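Below is one structure, written out as structure tokens; the observations come after it.
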Amino acid sequence: MKKTFNIIASICLVCSIATGCMKDDNYAAPNAAVNGTIIDSVTGQGLSSEPNGERMYVLQTSYTAGTPIPFYWNIQPSGVYANSEVFSATYKMYPTDGPFVPVVYTNTAGALVDNGSKIVNVAAAQTVTTNWTVVPFLEVSWVGTPVLNSNGTVTVSCKVVRGTTNPLWQFALTDVFFYISNTNFVSNASFDNTLSNDITTYNGLSGNALLGQTITITSKVALGTSQGYYLRVGARTADNVNKRYNYTSVLLLNVP
Amino acid sequence: MKKIITVITVLMLTACSKSNLSIPPVTIIQDAQVFTSVGGIQAYFAGIYNNLPIEDTKFDLASEYNTFSFIDNINCMTGEEMNKNETGMATMSTSDATTGHTNWYDFYSVIRNANYFIQTMPQYASNFTPAQANNWIGEAYFIRAFTYFEMVKRYGGVPLILTVQNYPQVPLNQLQVPRNSEEEVYNQIGADCDLSYSLMGATSENVGRANKYVAAALKCRAMLFAGAIAKYNVKNYADPATGKRVEGIPSADAVTFYKASYNAALLVQAGGYQLNRATAATDKVGNYVNLFFDASTGNKECIFPREYSSGNSGSSIDCFLNPHQMQSAIGYTSYNDATEDLVEMFDGLPKNANGNLQTTDANGNYILYGTVPTTTQTPYSTLNTVNTSPPQGSNIVTNVTTPTSNNIMSNQYGLFQNAEPRLLASVIVPGATFKGEIIDLRRGIWTGPVGSGIPQFNTVSTTPYANNSNIVPCTASDGTPSVNIGNPAINVPAGTALLSGGQSGVYGSRNAGSISGFLVRKYADQTKPVSAVTAGGSFQPWLEIRYAEIELSRAEADWELNSLGQADVNYLQDAFTMINDIRDRAGANLLNSTADLANVNVIRNERMKELCFENKLYWDLIRWRTFDTQVSNRVWNVLNPIYVAATGQYIYDRRPYEGNNKFTFNVSSYYQQIPSSELTTNPKLIQNQ
Chain A
1 MKKTFNIIAS ICLVCSIATG CMKDDNYAAP NAAVNGTIID SVTGQGLSSE PNGERMYVLQ
61 TSYTAGTPIP FYWNIQPSGV YANSEVFSAT YKMYPTDGPF VPVVYTNTAG ALVDNGSKIV
121 NVAAAQTVTT NWTVVPFLEV SWVGTPVLNS NGTVTVSCKV VRGTTNPLWQ FALTDVFFYI
181 SNTNFVSNAS FDNTLSNDIT TYNGLSGNAL LGQTITITSK VALGTSQGYY LRVGARTADN
241 VNKRYNYTSV LLLNVP
Chain B
257 MKKIITVITV LMLTACSKSN LSIPPVTIIQ DAQVFTSVGG IQAYFAGIYN NLPIEDTKFD
317 LASEYNTFSF IDNINCMTGE EMNKNETGMA TMSTSDATTG HTNWYDFYSV IRNANYFIQT
377 MPQYASNFTP AQANNWIGEA YFIRAFTYFE MVKRYGGVPL ILTVQNYPQV PLNQLQVPRN
437 SEEEVYNQIG ADCDLSYSLM GATSENVGRA NKYVAAALKC RAMLFAGAIA KYNVKNYADP
497 ATGKRVEGIP SADAVTFYKA SYNAALLVQA GGYQLNRATA ATDKVGNYVN LFFDASTGNK
557 ECIFPREYSS GNSGSSIDCF LNPHQMQSAI GYTSYNDATE DLVEMFDGLP KNANGNLQTT
617 DANGNYILYG TVPTTTQTPY STLNTVNTSP PQGSNIVTNV TTPTSNNIMS NQYGLFQNAE
677 PRLLASVIVP GATFKGEIID LRRGIWTGPV GSGIPQFNTV STTPYANNSN IVPCTASDGT
737 PSVNIGNPAI NVPAGTALLS GGQSGVYGSR NAGSISGFLV RKYADQTKPV SAVTAGGSFQ
797 PWLEIRYAEI ELSRAEADWE LNSLGQADVN YLQDAFTMIN DIRDRAGANL LNSTADLANV
857 NVIRNERMKE LCFENKLYWD LIRWRTFDTQ VSNRVWNVLN PIYVAATGQY IYDRRPYEGN
917 NKFTFNVSSY YQQIPSSELT TNPKLIQNQ
């Protein structure tokens, strides 16, 4: 009996200690959704980017229990973003870090310039679509179609022009990179460097002479046969944002 | 049993009650016990110095300070070293595996201890001479400055906490401080160094502690960093709440910072510091090798060392740097191998018009290097396992026997016979002697004809030796399909069996030997027998600041001041003197005149050569803001030595690493992210953009 009492007493003691500080998290799970597209102002299409190439700044301004800390959502290489588990609240949002004129930035005088952040009200169980139009640093486009040479290499032609007319954001052109990859994520984040060719890495302003010209680049060596390759050209400037590339569309080349 | 329950109950009931216990607890050491004796002060400083954030051979990208590991060190990100573990750019951790805290927390712990000392010492100063008390207070200022510099170079502006914060005496919201501007932090570091310089004596109380010249040296380092940020940084980000620029320094202030750095360098020089030339007159290589092993005051180059000892604290650097033929009982060899990109920066090497190592002639055939064909030696070390199994595969020649001894064929140096002494002291080149033994290092053996020249291998392919019947490469990992060749030994015409990869070369799935053709010699203790090499068993000192860095910093400040139009001193002439002092000691080619200093890269490259493997260049590339352009989709080059069986000579295949690991430094990494837990703790902190 005594033993039983001791056991029961011990169990009670353990239970009371273990549960003494517990509280159920009964806050409702997020059920709203926010999505949209980052649109290239020149083409009107989604901004062509790379995995991790740009992010969405999100600050929950309606949070009052303390100073809110911003968090960042990833944006897909096609310019689309989507988050299907968002708490109902008010958010300040803008795309950032990508190869476009910054939406929000600190100018040289140290003042914060806001050219288009949005306040997004998200109600419970609602889907909000919010698009941004951004001005790319560069616009890279294909000229003609890729040519498979007799020696097995591939040659492409492209053209690089400025996307922005504001001289403040016109930096020197530094790289024009012909990317070749086995996946359609082809970009600076994924390419085969034995084939891909960075035709030139410019210092100073000399790269600017290429703007508006037809640029022809050939792969370093012959491609393998009987397989498909994804091709893309990227170009970037010595910008002070993140030195990300602007890209052409992705082309699939089937080598017989 | 009842008694026990009663006792527990009583304990539980009283656990939270307060009693008025006015006697000081005997288990906690009180100020009066610490601040009244020299021994107490020494103990206080021992604790602080132990936690001082020095990036030594126990600093690691993944686990920060005071770790066993030096494997993932920051030199592997800059192109000084290659590492088989590193397949791409790694982000520096913001948490310390040893302490379990964020490094931010650890930095502020050191700062708090320094602040506490600065505040408390004056109350007890009467126990000591004024010189003693001042010296110690100055030392605390130095420690605070050192730690703030570690923070500002990572994060930009951080909150300046200059007095001890007390909680709960002061409410939490007053203790939560927003970030100061980056410039304010540098100014505080400069002011602390100045105060430290004026308060401290000329000699350190113990080896490894500061003195006034150490404070000046730190100032020289930090102000140069600030000057470079002012000149080269383009990021501009201010805290919206305070308006303080937490990223970046106004470019107008570059001159002020560079001048502060220059003046601090003059102070260090006035302290009698100079480059170590103990045996430079007769042996430039040995002189350079040994300067890293002398932390005594007799080494006038050594400004701020950290010492280690058995049973106290040691690093594992000898384990990680060891050539595979000297593998220690616990394994880990050649983790950090010098890159070809670094090696070819040095003087005394045959180079082509592009400044690259000259490996081929005008016809595109390999140049055969070396004239003395053979050296045979029995291995000094016995712990390593050499693969002696017969090789298999279509491209192995048939005249194979299993070797009875491990023969080495070396043309010592060959390509490196006239190399700059500093290179030979910093890097183990193929065929060099280390610990009295020739380092046996190859990528393979050329068994084909040499009559009409050996044509260059495909320089783009990542499998350059596959399906080439004229070469026996030493590893299957080069992509050769389904051929298990490991490290085969083959008969060469000289009459002995030769391991195709040597004993320290690339083989065994790239897990053991050098992957670049080179090994690191700087800081590797060549007097330590293999049997004594173990984890935590390396006690050579770490020279955190040495005079060569001060001269290089001064030369850089000179160059920048000259380029910014300053003419109060003949800065370019001063830079010329500094660089030539460095080069003379190194045995490198001297500059002819100040005209050779037209480009700042002359000074920067000198810094890379002199300070390689010392955990410094990572931060230099950051402050120059050249990291993202220099390290962009970069594959480090290797130099594969290949033995030519027919002649007993070597050819050298210079190529991008076959493992094809690409490194890219992202612009956004110029400022590190503040640990998110600290943002939660202090809501007034803003994250870096």
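Line by line, the protein sequences give chains A and B.
Numbering follows my numbering, with no gaps: position 137 of the first sequence is 137.
To get my numbering, take the position in the second sequence, counting from 1, and add 256.
Virtual Cβ for every residue (Gly too), placed ideally from N, Cα, C.
What you are looking at is a predicted structure, and each value in this text was computed from that prediction instead of being measured.
| Check | Outcome |
| --- | --- |
| A:I38 versus chain D: which residues are under 9 angstroms apart at the beta carbon? | Reference to chain D is not applicable here, since the protein chains of this structure are A and B. |
| Could you say which of B:S584, B:I694, B:N619, B:N467 lies nearest to B:S452 if we only look at CA atoms? | B:N467 |
| Whose Cβ in chain B lies nearer than 7 angstroms to the Cβ of A:K92? | What A:K92 touches in chain B: nothing, since even the nearest Cβ is about 12 angstroms away. |
| Going along chain A, which residues have a C-beta under 9 angstroms from B:V894? | By Cβ distance, chain A contributes nothing, its closest Cβ being about 15 angstroms from B:V894, past 9 angstroms. |
| For a quick check, are the C-beta atoms of A:T96 and A:I119 less than 8 angstroms apart? | no |
| In chain A, what lies closer than 9 angstroms to B:P427 by C-beta? | Result: empty, since nearest Cβ-Cβ is about 15 angstroms, beyond 9 angstroms. |
| Rounded to whole angstroms, how far is the Cβ of B:I771 from the Cβ of B:K340, which I believe are closer than 8 angstroms? | 5 angstroms |
| Using DSSP with H/G/I as helix, E/B as strand and the rest coil, what is A:V241? | coil |
| Listed from N- to C-terminal order along the chain, which residues in the stretch 59-82 of chain A have their beta-carbon within a distance smaller than 8 angstroms of any beta-carbon of chain B? | G66, T67, I69, P70 |
| Measure from the alpha carbon of B:Y827 to the alpha carbon of each residue in B:L846, B:T850, B:A844, B:D837, then state which is nearest. | B:T850 |
| Taking only beta-carbon positions, decide if B:K487 is within less than 8 angstroms of chain A. | no |
| Let me know the beta strand (DSSP E) ranges lying completely inside the stretch 43-115 of chain A, each 3 residues or longer, listed in chain order. | 55-60, 71-74, 80-86, 89-96, 104-106, 112-114 |
| Give, in chain order, every unbroken run of the beta strand (DSSP E) that is at least 3 residues long and sits entirely within the stretch 767-830 of chain B. | 798-802 |
| Could you name the residues of the same chain whose beta carbon sits closer than 8 angstroms to that of A:L211, not counting the 5 residues immediately before and after it, in chain order? | V160, V161, R162, L173 |
| At a CB distance below 9 angstroms, what residues from the stretch 901-930 of chain B approach chain A? Give them in sequence order. | P912, N916, K918, T920, N922, V923, S924 |
| In whole angstroms, give me the CA-to-CA distance for B:S738 and B:N723. | With a pLDDT of 33 at B:S738, under the threshold of 50, the predicted position of this residue should be treated as unreliable, though the coordinate-derived value follows. Going from the Cα of B:S738 to the Cα of B:N723 covers about 12 angstroms. |
| Since B:F363 is in the alpha helix (DSSP H), which residue starts that stretch and which ends it? | 359-376 |
| Give me, in chain order, the residues of the same chain whose beta-carbon lies closer than 7 angstroms to that of B:L269; leave out the 5 immediate sequence neighbours on both sides. | Residue confidence is low: B:L269 scores 47 on pLDDT, short of 50, so the model does not pin down where it sits. No coordinate-derived value is stated. |
| Closer than 7 angstroms by beta-carbon distance: list the chain B residues that pair up with A:T164, in chain order. | Per Cβ cutoff of 7 angstroms: no residues; A:T164 is ~17 angstroms from chain B at best. |
| How would you list, in chain order, the residues of chain B whose beta-carbon sits under 8 angstroms from the beta-carbon of A:D97? | S924 |
| Just by C-beta distance, which residues in the stretch 106-136 of chain A are closer than 7 angstroms to chain B? | T106, T108, G110, L112 |
| Restricting to Cα atoms, I'd like to know which of B:P606, B:D593, B:S725 is closest to B:G682. | The amino acid at residue 682 of chain B is misidentified as Gly; the sequence shows Ser. For B:S682, the nearest C-alpha among the options comes from B:D593. |
| In or out: B:P281 buried (at least 16 other Cβ within 10 Å) or exposed? | exposed |
| Apart from the five residues just before and just after B:V923, which ones in its own chain have a Cβ nearer than 6 angstroms to its Cβ? | D884 |
| Which residues in chain A sit within 7 angstroms of B:Y493, going by Cβ to Cβ distance? | T106 |
| Enumerate in chain order the residues of its own chain whose CB-to-CB distance from A:G257 is below 6 angstroms, with the five nearest sequence positions on each side excluded. | Not covered by the structure: residue 257 of chain A. The range shown for chain A is 1 to 256. |
| Taking Cβ-Cβ distances shorter than 9 angstroms, what residues in chain A pair up with B:Q712? | None at all; the shortest Cβ gap to chain A is about 14 angstroms. |
| What separation, rounded to the nearest whole angstrom, lies between the Cα atoms of B:L895 and B:D597? | 9 angstroms |
| Say whether the stretch 289-308 of chain B touches the stretch 362-381 of chain B, bearing in mind that this needs 3 or more beta-carbon pairs closer than 8 angstroms, one atom from each stretch. | yes |
| When you compare each of B:V762, B:T589, B:Y514 to B:S325 by their alpha carbons, which one comes out closest? | B:T589 |
| Decide if B:N946 is buried, meaning its Cβ has at least 16 other Cβ atoms within 10 Å, or exposed. | Because residue 946 of chain B is not part of the residues shown, which for chain B are 257 to 945, the question remains open. |
| For B:S342, which residues does DSSP report across the bridge? | In the sequence under discussion, the amino acid at residue 342 of chain B is Glu, which differs from the Ser named in the question. According to DSSP, which records beta bridges pairwise, B:E342 is partnered with nothing at all. |
| Taking 8 angstroms as the CB-CB limit, is B:L817 close to chain A? | no |
| DSSP beta-bridge partners for B:S437? | In DSSP, B:S437 forms no bridge with anything. |
| Classify B:E914 as helix, strand or coil using the three-state DSSP reduction. | coil |
| What are the boundary residues of the beta strand (DSSP E) that B:I485 is part of? | Premise fails: B:I485 lies in the alpha helix (DSSP H), 468-488, not in any beta strand (DSSP E). |
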